[in-house]
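Read the structure below first, then the notes.
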């Protein structure tokens, strides 16, 4: 009997060590391989950085176009998902009447569980559909990717808005009623400001998710060596897609070096966003636990 | 004054909320309709029999997707088999088997793992795991079922751990006093009380982990080698439905190849819907009993 508990304890310790070794190993490996290549040349190659950023000078051997593409897709996704998600979350939490709320809740859960490749396939199908009907020259591009990515992160945004509003103490709603506020005024002037940090944490989390996803952009317009996109309908490069192509078909040690650099940059980006979201979430919980 | 302000804010908020809700619902509906619309040609018996075969040789007219269906199932289940015991171990460590300081750090680390991009896991897998397997087994290229299963296990680990953790958090307060009164050690408490009564949480974690594993694209695409075959051993290559979609979009343009892609999409959609319904059922039965 005694040995059984011993073994169980040993097993738990071993399991606990695994993620620690894994994560530390991953970060150390990336740092060792990628650290030497970090620098302005990694981003801009031979092009002067300021020209590349402000005058859209072409960058031939740097990851700046990929960074730019990722920023653009993420921004478009945020533009789609944040307003929609915010209002949808408010609707689900504050106006929960009627059968539609139930259906919507089911839809949001469905959307949340959907693999990202399906969102990409949806975008791809959308283009095929447009080609056959309204716009024969429709093609994949930045706008399509941004829209599909927005749909992908929409459930995160809705859920975090919903849970931030739901976690607020009941007193706040009573306070609104006590002040003679209408429900809309209570939402606007009392509930939203109180839930601000929680909602912000959802926003940051959604942005992180949009920045790292690869399957969606792969099917909707990310290509290798596109350079900077010339417009919203143009194909583009993106960091996650660049990392994937390097792993699949790198030609030279320099390209591999860029791959490691890009992986480090992407990891640092999502890590930073994760820490920010975590901090905001914590602050929100702390604030309302006491009150 | 009060009235006008009321009307003004009132006139914006509720319609905006209704509009957003409608758009979200419409988007989900649109995704479903598009998938169905593009899968309509499947209703033809001849086409269907072509797609439901074990041969994928697009240049010789073989468009079977069954190897991909099998690949997805095999890979997700094996990843689950690897990740689940480890997750249980981690959760037990965090709930009494380990010292409380490291336990808190461990949970934070696992939460952090959710923020590591999938493509970075895949990238590191290509340059660490694959060469390791190639050296260790001295067969093939290293891009195989085993490599993808390990990578996928790492990816779904946090999902499972966090689900189990929240279940343990619900149960602990109910049993802590009893366990202390009976003089149980942490190991006894976990093995004889907490684990036996978290059946529903275990089931939910398994279902959730399976759904996550089934839906992931990048790990199988980068690590599994993508040969459209049913692997004979852990060291052979396989292709999942998700990877198939990504690969076909990138290369082919024949109509049956496209159709195979939407067939895979439809199967994926149906399975994730089933996973979702399963989770909802588990949740509801939990609420009824609790």
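Protein chains in written order, with the working numbering: chain B, 7 to 297; chain U, 16 to 305. A virtual CB, placed ideally from N, CA and C, is assigned to each residue, including glycine. Note that the structure is predicted; figures quoted are calculated from it, not measured.
Asked, Found
"Three-state secondary structure assigned by DSSP to residue 141(B)", "coil"
"Chain-ordered neighbours of residue 110(B) on chain U, where CB pairs are closer than 8 Å", "36, 39 and 40"
"CB of residue 277(U) within 8 Å of CB of residue 135(B), strictly", "no"
"CB contact check: residue 234(U) to chain B, cutoff 8 Å", "no"
"Residues in the region 122 to 152 of chain U having any Cβ partner in chain B nearer than 9 Å", "123, 124, 125, 126, 127, 128, 129, 130, 131, 132, 133, 134, 135, 136, 137, 138, 139, 140, 141, 142 and 143"
"Cβ-Cβ distance between residue 121(U) and residue 108(U) below 8 Å", "yes"
"Residue 71(B) versus residue 26(B) - alpha carbon distance", "34 Å"
"Residue 231(B) burial status per 10 Å Cβ neighbour count (16 or more: buried)", "exposed"
"Coarse secondary structure for residue 78(U), derived from DSSP in three states", "strand"
"Of the listed residues 222(U), 273(U) and 169(U), nearest to residue 291(U) (C-alpha basis)", "222(U)"
"Simplified DSSP assignment, three categories, for residue 38(B)", "helix"
"CA nearest to the CA of residue 81(B), picked from 263(B), 213(B) and 220(B)", "213(B)"
"Test: residue 19(U) CB closer than 8 Å to a CB of chain B", "For residue 19(U), the predicted model reports a pLDDT of 46, less than 50, meaning its position is unreliable; a value from the coordinates is still stated below. Taking Cβ atoms only, chain B never reaches closer than 8 Å to residue 19(U), which makes this a no."
"Chain U contacts made by the region 174 to 190 of chain B, where a contact means CB separation under 9 Å", "186, 187, 188, 189 and 190"
"Buried versus exposed, by CB contacts within 10 Å (16 or more), residue 113(U)", "buried"
"Backbone CA spacing between residue 90(U) and residue 231(U) [nearest angstrom]", "11 Å"
"Close Cβ partners of residue 106(U) (< 8 Å) along its chain, the five nearest in sequence each way excluded", "176, 179, 180 and 183"
"Residue-chain proximity (residue 17(B), chain U), Cβ-Cβ < 8 Å", "yes"
"For residue 270(U) and residue 171(B), the rounded distance between their alpha carbons", "48 Å"
"CB of residue 109(B) within 8 Å of CB of residue 167(B), strictly", "no"
"Cβ-Cβ distance between residue 181(B) and residue 164(B) below 8 Å", "no"
"Candidates 160(B), 210(B), 122(B) and 145(B), of which the one nearest residue 280(B) by Cα", "210(B)"
"Chain-ordered neighbours of residue 261(B) on chain U, where CB pairs are closer than 9 Å", "Result: empty, since nearest Cβ-Cβ is about 13 Å, beyond 9 Å."
"contact_flag[the region 30 to 47 of chain B, the region 193 to 207 of chain B] where n(CB pairs < 8 Å) is 3 or more", "no"
"Own chain partners of residue 162(B) with C-beta closer than 7 Å, once the 5 adjacent residues on each side are dropped", "208, 211, 212 and 215"
"Collapsed DSSP secondary structure at residue 272(B) in the structure displayed", "helix"
"Unbroken alpha helix (DSSP H) run spanning residue 156(B), endpoints", "148 to 172"
"Residue 243(U) beta carbon less than 8 Å from that of residue 227(U)", "no"
"Proximity test, Cβ basis, 8 Å: residue 108(U) and chain B", "yes"
"Test: residue 84(B) CB closer than 8 Å to a CB of chain U", "no"
"Partner residues on chain U for residue 24(B), Cβ-Cβ distance less than 7 Å", "101"
"Closer than 9 Å at the beta carbon, the chain U residues around residue 88(B)", "Chain U residues near residue 88(B): none, gap ~11 Å exceeds 9 Å."
"Through-space distance from residue 187(U) to residue 128(B), alpha-carbon basis", "43 Å"
"Limits of the alpha helix (DSSP H) - the one that residue 94(B) falls within", "70 to 100"
"Which of helix, strand or coil DSSP assigns to residue 242(B)", "strand"
"Separation of residue 119(B) from residue 125(B), as counted between CA atoms", "11 Å"
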